[in-house]
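Residue numbers (the working numbering): 4 to 213.
Structural data, given as structure tokens:
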């Protein structure tokens, strides 16, 4: 039988060494870790999914607000009307803002684009039934807003300059809806979320569907 010296000089028989337990996790410890991981996944993953849905929607809302702000600022600074289309125009994107130099409110390649924004394919833009959005050019034109150099805008289907309010509705695949109301007098934008329980719009952001 072979023996081995320890650091202190004592001799440990090989038979004794074989009886020492090997280092590592016991079955009970592994089971406890697996249970903990399962609990974390059960609680954490749904929260991550909810956070992702909220973040994606609010990002698209921010994009809409940004497009309106850029269009209005360019109209004031440039001294010319700027049209913002909220539908696909000429294959150049979902949201397009351009200097409406000829007054036709119909985008063409000769007019200067001041901004382009593309919403994700999981989101759709529709007219608001309560406050119908202005249609560029004619009553059958694309949904949009015409910003004037004075800072006022044409925003609703009454087609009156600097008056009224027009709404555009953003919807995701879960049925969550945000409405952006644009006031013609000052170009002010108000965000509202639809409450699926009451089917009404309010200023809360707590009506999420997951």
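Backbone N, C-alpha and C define an ideal beta-carbon position, used for all residues, glycine too.
Check                                                                                                      : Outcome
Residues bridged to residue 156 (per DSSP)                                                                 : 150
Presumed contact (8 Å Cβ cut-off) between residue 150 and residue 75, rounded CB distance                  : 5 Å
Cα-Cα separation between residue 79 and residue 85, rounded to whole angstroms                             : 9 Å
Buried or exposed by the 16-neighbour rule on C-beta atoms within 10 Å, applied to residue 28              : exposed
Span of the beta strand (DSSP E) around residue 170                                                        : 168-174
Residue 134 vs residue 184 beta-carbon contact at 8 Å                                                      : yes
Alpha-carbon to alpha-carbon, residue 52 and residue 103                                                   : 42 Å
Residue environment, residue 145, which counts as buried when at least 16 other CB atoms sit within 10 Å   : buried
Option nearest residue 191 by Cα separation, candidates 71, 178, 88 and 58                                 : 71
Start-to-end residues for the beta strand (DSSP E) that takes in residue 3                                 : Any answer about residue 3 is impossible in this case: the structure gives the chain only from 4 up to 213.
Length of the line joining the Cα atoms of residue 105 and residue 210                                     : 43 Å
Residue 195 burial status per 10 Å Cβ neighbour count (16 or more: buried)                                 : buried
Secondary structure, beta strand (DSSP E): runs of 3+ residues fully inside the segment 101-138            : 116-120 and 127-130
Distance between residue 132 and residue 188 (C-alpha atoms, nearest Å)                                    : 21 Å
Cβ neighbours of residue 56 in the same chain (closer than 8 Å, five flanking residues each side left out) : 175, 177, 179, 211 and 213
Cβ-Cβ distance between residue 147 and residue 159 below 8 Å                                               : no
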